[in-house]
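J.: I have a structure here, written as structure tokens, and I will follow up with some questions on it.
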Amino acid sequence: MSEIQNNPPLQVVGASMSFGGVKVLTDVDVTIDGDGIVALVGPNGAGKTTLFNVICGALKPTHGEVSSFGETLSGLSAEAIAGHGVYRTFQDLRLFRSLSVRENVCVGLGRTLRKRSTIEKVDALLEELDLAQFEKVRARDLAHGAAKLLTVARVLIHDPKVLLLDEPGAGMDIQSYERLAAALKRRTDLPLVLVEHNLDTVRDLASRVVFLDGGRVIADGPTDEILSRDDLAAVYFGRGGGSGVATDIAKDRE
Amino acid sequence: MTLFLSLAVGGLASGCLYALVAVGFSLIFGMTRIFHVSQGGVFLVAGYAYYWVSIDHHRPIVVGIIASIIASIAIGLLIYVLVYRRMLNSNREFFSLFIGSFGVLVVIQNVISMMFGVAPVPFPSSLLDGVHAGGVQITYGDMVGVASAVVLTVLMAWFLRYTVAGTRLRALSDNPELVRDYGLDINRYRLLAYTLGTILAVPGAIIYAYTQGLSPAAGPDIVTIAIVACVAGGVGSLVGSGLVALGYGLISGIAVYWFPGAWSEAIAFVAFFILLLVRPDGLFESAR
Amino acid sequence: MAYFETVVVLGIASIILAVSLDLLIGVAGLFSAAVGVFYGVGAYVASLIWLHWTSDLVVALIAAFIAGGLLAIPFVVPALRSKKDVTFVVASLAFASIVGEVFASWNSVTGGYTGLYGFPIATVFNIQISPGLPLVIASVILVVIVIAGKELLARSAWGLDLRATRDDERAASSLGVRGSWLRIQVAVVASGMAALAGVLYAAQVGYVDPSSFTLGESELIAAMVVLGGLGSFYGPVVGAILLTAIPAGLTFVTIDPAYLGLIEQTAFGLIIVIIIVVRPEGIMGGLGRVRARLRPLEISRRRGGDSV
Numbered sequence: 312m313s314e315i316q317n318n319p320p321l322q323v324v325g326a327s328m329s330f331g332g333v334k335v336l337t338d339v340d341v342t343i344d345g346d347g348i349v350a351l352v353g354p355n356g357a358g359k360t361t362l363f364n365v366i367c368g369a370l371k372p373t374h375g376e377v378s379s380f381g382e383t384l385s386g387l388s389a390e391a392i393a394g395h396g397v398y399r400t401f402q403d404l405r406l407f408r409s410l411s412v413r414e415n416v417c418v419g420l421g422r423t424l425r426k427r428s429t430i431e432k433v434d435a436l437l438e439e440l441d442l443a444q445f446e447k448v449r450a451r452d453l454a455h456g457a458a459k460l461l462t463v464a465r466v467l468i469h470d471p472k473v474l475l476l477d478e479p480g481a482g483m484d485i486q487s488y489e490r491l492a493a494a495l496k497r498r499t500d501l502p503l504v505l506v507e508h509n510l511d512t513v514r515d516l517a518s519r520v521v522f523l524d525g526g527r528v529i530a531d532g533p534t535d536e537i538l539s540r541d542d543l544a545a546v547y548f549g550r551g552g553g554s555g556v557a558t559d560i561a562k563d564r565e
Numbered sequence: 052m053t054l055f056l057s058l059a060v061g062g063l064a065s066g067c068l069y070a071l072v073a074v075g076f077s078l079i080f081g082m083t084r085i086f087h088v089s090q091g092g093v094f095l096v097a098g099y100a101y102y103w104v105s106i107d108h109h110r111p112i113v114v115g116i117i118a119s120i121i122a123s124i125a126i127g128l129l130i131y132v133l134v135y136r137r138m139l140n141s142n143r144e145f146f147s148l149f150i151g152s153f154g155v156l157v158v159i160q161n162v163i164s165m166m167f168g169v170a171p172v173p174f175p176s177s178l179l180d181g182v183h184a185g186g187v188q189i190t191y192g193d194m195v196g197v198a199s200a201v202v203l204t205v206l207m208a209w210f211l212r213y214t215v216a217g218t219r220l221r222a223l224s225d226n227p228e229l230v231r232d233y234g235l236d237i238n239r240y241r242l243l244a245y246t247l248g249t250i251l252a253v254p255g256a257i258i259y260a261y262t263q264g265l266s267p268a269a270g271p272d273i274v275t276i277a278i279v280a281c282v283a284g285g286v287g288s289l290v291g292s293g294l295v296a297l298g299y300g301l302i303s304g305i306a307v308y309w310f311p312g313a314w315s316e317a318i319a320f321v322a323f324f325i326l327l328l329v330r331p332d333g334l335f336e337s338a339r
Numbered sequence: 100m101a102y103f104e105t106v107v108v109l110g111i112a113s114i115i116l117a118v119s120l121d122l123l124i125g126v127a128g129l130f131s132a133a134v135g136v137f138y139g140v141g142a143y144v145a146s147l148i149w150l151h152w153t154s155d156l157v158v159a160l161i162a163a164f165i166a167g168g169l170l171a172i173p174f175v176v177p178a179l180r181s182k183k184d185v186t187f188v189v190a191s192l193a194f195a196s197i198v199g200e201v202f203a204s205w206n207s208v209t210g211g212y213t214g215l216y217g218f219p220i221a222t223v224f225n226i227q228i229s230p231g232l233p234l235v236i237a238s239v240i241l242v243v244i245v246i247a248g249k250e251l252l253a254r255s256a257w258g259l260d261l262r263a264t265r266d267d268e269r270a271a272s273s274l275g276v277r278g279s280w281l282r283i284q285v286a287v288v289a290s291g292m293a294a295l296a297g298v299l300y301a302a303q304v305g306y307v308d309p310s311s312f313t314l315g316e317s318e319l320i321a322a323m324v325v326l327g328g329l330g331s332f333y334g335p336v337v338g339a340i341l342l343t344a345i346p347a348g349l350t351f352v353t354i355d356p357a358y359l360g361l362i363e364q365t366a367f368g369l370i371i372v373i374i375i376v377v378r379p380e381g382i383m384g385g386l387g388r389v390r391a392r393l394r395p396l397e398i399s400r401r402r403g404g405d406s407v
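Residue numbers (my numbering), protein chains in the order written: chain P, 312 to 565; chain L, 52 to 339; chain V, 100 to 407.
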């Protein structure tokens with residue numbers, strides 16, 4: 312477990328969630344302290360996206376608490392959680408398909424939309440993520456890489472205090488990925504959590520890995536250490552039956 | 052009290068007619084995603100075809116019923132081929148289908164008005180007689196309405212549960228991709244559901260014509276009740292929409308006991324808004 | 100000449116209604132079949148104010164806007180509890196039925212089927228705005244304000260958040276957009292706008308009765324918007340002008356008046372069907388965004404003149 316810290320950027324305590332009797336999250340504790348990028352890793356169905364949904368108010372956990380900088384997020388609506396500075400992206404993009412790239416970035420800016428400083432900020436962000444050339448293109452007409460970058464631009468514009476990215480690198484071309492990686496690495500003071508399947512991406516970006524399996528946290532530690540463990544690799548690549556190994560490891564940890 | 056019971060019986064009986072149309076509408080919407088507002092037009096065609104054959108031209112009732120079935124299937128298919136098929140193939144959303152269907156309803160209603168006039172057409176009052184059971188009045192129209200609703204409901208339930216085609220139809224409403232994966236022609240099943248839903252308008256239209264009078268305005272009126280029932284019952288739930296349509300009939304029937312007759316429909320619709328507040332996705336909320 | 104001015108004022112009323120419906124459909128993605136009802140609310144409110152209180156036109160407009168907006172609340176709040184777009188449509192139809200019965204049956208206030216009549220000519224600063232040129236001028240001013248207001252709203256941050264909510268409500272809420280609240284607001288504003296058109300109707304026609312504010316009226320307005328092209332600047336305006344001018348022209352053709360209305364309605368219905376099946380973007384082409392919404396799978400079939 313990570314050390315006790317007062318009011319960490321994001322803290323999940325004892326989160327459990329079940330759908331119709333099936334437990335998808337069991338007693339998950341995760342604290343994001345803001346030192347480097349954290350990757351949530353685990354086989355399909357491990358509960359990574361569910362955890363995002365619980366944090367961001369899209370799902371109400373059966374048990375557990377989520378807080379950010381000491382403020383309770385549990386029970387708040389998705390928009391209120393965004394109001395606390397906790398933003399997320401979606402695996403399936405969920406862009407505003409009929410809006411232009413620039414309009415996508417401007418959603419939710421409210422009254423500041425017409426301010427000069429905001430306009431400059433949008434310009435700079437579009438430039439940074441290589442989207443300026445597509446400014447007027449409708450989101451539905453974007454190539455996949457640019458569309459992924461747009462999902463990130465859309466949240467970065469809000470100066471998030473905590474950012475959750477759901478598979479930001481998946482299916483991206485190399486150029487787009489490098490843009491993305493550079494943008495994320497540059498923001499060293501932004502507490503960042505990724506869900507990621509590609510372990511190369513994890514090695515590249517994350518300094519800490521939280522390993523989920525069967526809805527439980529079964530390992531949590533520095534990236535190199537976690538990714539070099541054979542037992543976890545077995546779980547991840549499904550050798551020897553994931554859940555059996557998972558429970559063994561869970562027992563070991565207790 | 053006997054007045055109240057008479058009103059309740061009458062309300063339930065008209066509720067049965069509404070339920071037939073509503074279940075037909077739900078069947079079509081649930082299984083094809085067509086928001087078939089022009090079901091109200093089909094209802095009119097069914098009613099007026101019967102009127103033209105059996106009342107205007109004095110043919111036997113059976114001939115009128117057959118003519119009504121043929122006419123409604125014909126108009127239903129015509130709408131499908133001219134309007135829906137193209138939109139379904141290009142995967143247009145609910146909204147477009149609704150607007151198109153709405154236009155069709157308007158056309159049918161006005162063309163019928165030109166042919167038969169805006170006023171109600173004369174029907175014999177034979178079904179308005181009835182029996183008095185302990186002071187409670189039950190008309191023959193009530194009996195026929197309830198009986199045909201029961202028979203058709205049982206038939207529908209049997210079809211959906213115990214026949215191959217029916218089972219596949221239910222699968223289609225749950226998961227269209229699955230049906231396609233099994234190599235079944237999705238359009239054929241869509242069309243089957245559509246035709247079944249269309250036929251369900253026929254008995255309702257004929258009995259309604261006898262008991263409440265048939266005028267072109269009945270088309271939008273009836274279909275409004277049907278779509279309200281479809282949504283309030285829970286989209287995709289045939290039982291739900293049937294029950295809500297029954298409830299609509301009952302509420303608007305007994306509302307007359309306390310309020311002036313002109314308010315009865317408004318009161319039933321207010322009940323719908325209250326239901327929405329309590330259960331936003333309808334009585335039998337679907338998982339989807 | 101008087102006939103021409105009547106057509107102009109009622110045509111302008113139609114433009115306002117079409118613009119109001121386009122705010123709902125084109126910007127917020129909400130289809131309402133109750134626009135005709137709010138048109139009626141405005142007409143009744145204006146008539147009641149002129150009958151019982153003051154003949155001031157501006158007072159009537161403000162009161163109609165507020166009344167239309169407030170009356171939208173009991174309709175949209177329950178309707179928007181569900182996230183399904185079907186529910187909103189159906190609720191609007193049910194609501195139209197309820198209010199239609201209130202118009203027809205609340206005799207002591209609305210005059211029932213007889214309606215309200217005999218109210219004074221509207222005034223502004225004691226100047227009479229009589230039907231004819233003065234009312235035409237007042238209508239033109241009003242419609243300019245309404246169109247400008249709608250465009251300002253549609254292009255504001257508020258309008259952007261609404262369009263985002265229309266495209267993907269969940270993604271919008273994850274960015275802090277309060278979609279439900281925005282939708283209630285847009286429905287209130289659009290209903291208030293529709294009520295403004297009713298004031299023009301009452302001022303021009305001189306009496307109001309339930310027969311003018313039926314589902315048929317809502318259908319006509321929908322036809323205008325669909326014909327012109329959803330979500331485009333000129334679309335609703337052009338649609339409204341065409342569908343006012345065509346029947347107005349028809350009155351010079353000798354058709355049995357008993358059939359005239361029916362033929363008109365049939366034509367409107369046909370226009371809706373043909374346009375939505377063959378050319379969903381309307382005759383004005385529409386902005387790509389809404390066409391995209393109506394025709395999701397035909398991205399590649401873009402035509403010329405589509406610069407946004």
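Even glycine gets a Cβ: it sits at the ideal position worked out from N, Cα and C.
Of all the residues that make up the stretch 379-412 of chain P, which are near chain V by a beta-carbon distance shorter than 9 Å?
T.: Residues passing the 9 Å Cβ filter: Ser388, Ala389, Glu390, Ala391, Ile392, Ala393, Gly394, Tyr398, Arg399, Thr400, Phe401, Leu404, Arg405, Leu406, Phe407, Arg408, Ser409, Leu410 and Ser411.
J.: By the three-class DSSP mapping on this structure, what secondary structure does P/Val448 have?
T.: DSSP places P/Val448 in coil when its eight states are reduced to three.
J.: Quick check on DSSP: helix, strand or coil for P/Gln402?
T.: Looking at P/Gln402 - three-state DSSP - the assignment turns out to be coil, as it is neither helix nor strand.
J.: Just checking: is the beta-carbon of V/Asp184 within a distance shorter than 9 Å of some beta-carbon in chain L?
T.: Interface residue, yes.
J.: How about P/Val466: is its C-beta nearer than 9 Å to some C-beta of chain V?
T.: Closer than 9 Å to some Cβ of chain V, the Cβ of P/Val466 qualifies, so yes.
J.: Consult DSSP for P/Gly532 and reduce its assignment to one of helix, strand or coil.
T.: Strand, per DSSP.
J.: Please state the DSSP three-state secondary structure of L/Arg339.
T.: The predicted model places L/Arg339 with a pLDDT of 42, which falls under 50 and marks its position as unreliable; any figure quoted below should be read in that light. In the structure shown, L/Arg339 sits in coil (DSSP, three-state: anything other than H, G, I, E or B).
J.: Which residue from L/Ile124, L/Asp107, L/Ala70 and L/Arg110 puts its Cα closest to that of L/Val93?
T.: L/Val93 has its Cα closest to that of L/Ile124, out of L/Ile124, L/Asp107, L/Ala70 and L/Arg110.
J.: With P/Asn415 and P/Leu424 assumed to form a contact (beta carbons below 8 Å), what rounded beta-carbon distance in angstroms separates them?
T.: The pair is not a contact, with the Cβ atoms about 13 Å apart (cut-off 8 Å).
J.: If you check the beta carbons only, do P/Val341 and P/Val506 fall under 9 Å apart?
T.: Not a contact, by the Cβ cut-off of 9 Å.
J.: Among P/Leu440, P/Val466 and P/Lys472, which one has its Cα closest to the Cα of P/Pro320?
T.: Of the candidates P/Leu440, P/Val466 and P/Lys472, the one whose C-alpha sits nearest the C-alpha of P/Pro320 is P/Lys472.
J.: CA-CA distance, V/Ala162 and V/Leu342?
T.: Using only the alpha carbons, I get a separation of about 28 Å.
J.: Assuming the contact rule is C-beta atoms closer than 8 Å, V/Val107 and V/Val235 should be a hit. Round their C-beta distance to whole Å, please.
T.: At roughly 5 Å, the Cβ-Cβ gap stays under 8 Å, so V/Val107 and V/Val235 are in contact.
J.: If V/Tyr102 sits next to V/Ala296, beta carbons under 8 Å apart, how far is it from one beta carbon to the other, in whole angstroms?
T.: At roughly 20 Å, the Cβ-Cβ gap does not stay under 8 Å, so V/Tyr102 and V/Ala296 are not in contact.
J.: If the cut-off is 7 Å on Cβ atoms, which residues from the stretch 253-281 of chain L count as contacting chain V, listed in chain order?
T.: Of all residues in the stretch 253-281 of chain L, Pro271, Thr275, Ile278 and Val279 have a Cβ within less than 7 Å of some Cβ in chain V.
J.: Taking the straight line between their C-alpha atoms, what separation do you get for P/Glu390 and P/Phe330?
T.: Their backbone Cα atoms lie some 23 Å apart in a straight line.
J.: Just the C-alpha distance for P/Ala326 and P/Gly358, rounded to the nearest angstrom, thanks.
T.: Going from the Cα of P/Ala326 to the Cα of P/Gly358 covers about 11 Å.
J.: Please tell me whether L/Gly304 and L/Ala100 are closer than 9 Å, where the distance is taken between their beta carbons.
T.: No, Cβ-Cβ distance for L/Gly304 and L/Ala100 is not below 9 Å.
J.: Of all the CB atoms in chain P, is at least one closer than 9 Å to the CB of V/Asp155?
T.: No - not a single Cβ of chain P is within 9 Å of the one on V/Asp155.
J.: When Cβ atoms are compared, which residues of the stretch 359-378 of chain P fall closer than 8 Å to chain V?
T.: Listed in sequence order: Cys367 and Ala369.
J.: Would the stretch 421-435 of chain P count as touching the stretch 250-261 of chain V if we require 3 or more Cβ pairs under 8 Å?
T.: Touching, per the Cβ criterion.
J.: Could you check if L/Val195 is buried or exposed, using at least 16 other CB atoms within 10 Å of its CB as the buried criterion?
T.: L/Val195 is buried by the Cβ-count criterion.
J.: Would DSSP call V/Tyr143 helix, strand or coil?
T.: Helix.
J.: Taking contact to mean 3 or more Cβ pairs, one atom from each stretch, closer than 8 Å, check whether the stretch 238-254 of chain L and the stretch 118-134 of chain L are in contact.
T.: Cβ pair count under 8 Å is three or more, so yes.
J.: Tell me, please, whether the CB atom of V/Arg269 is closer than 9 Å to any CB atom in chain P?
T.: Judged by the 9 Å Cβ criterion, V/Arg269 is in contact with chain P.
J.: I need the straight-line Cα distance from V/Ile114 to V/Leu156, nearest angstrom please.
T.: One C-alpha to the other measures close to 19 Å.
J.: Under 9 Å, Cβ to Cβ, is there at least one residue of chain A near L/Val197?
T.: Given the protein chain composition of this structure (P, L and V), no chain A is represented.
J.: Could you please tell me which residues of the stretch 152-169 of chain L, in chain order, have their CB closer than 7 Å to any CB of chain V?
T.: If the cut-off is 7 Å between Cβ atoms, the stretch 152-169 of chain L has Phe153, Gly154, Val155, Val157, Val158, Asn161, Val162, Ser164 and Met165 near chain V.
J.: For V/Val337 versus V/Leu123, is the C-beta spacing smaller than 9 Å?
T.: Result no, Cβ atoms of V/Val337 and V/Leu123 do not sit closer than 9 Å.
J.: Going by other Cβ atoms of all chains shown within 10 Å of its Cβ, with 16 needed for buried, is L/Ala319 buried or exposed?
T.: It is buried - the Cβ of L/Ala319 has at least 16 other Cβ atoms within 10 Å.
J.: For a contact defined as C-beta to C-beta under 7 Å, what are the partners of L/Ile150 on chain V?
T.: Simply Ala321, Val325, Ile371 and Ile375.
J.: Please determine if the stretch 534-551 of chain P and the stretch 392-410 of chain P are in contact, where contact requires at least 3 C-beta pairs separated by less than 8 Å.
T.: These segments do not touch.
J.: Quick one: is P/Glu489 buried, meaning 16 or more other Cβ sit within 10 Å of its Cβ, or exposed?
T.: Exposed, because fewer than 16 other Cβ atoms sit within 10 Å of the Cβ of P/Glu489.
J.: List the residues of chain V that P/Val418 touches, going by C-beta distances under 8 Å, in chain order.
T.: Chain V residues near P/Val418: Leu259, Asp260, Ala263, Ala271, Leu274 and Val276.
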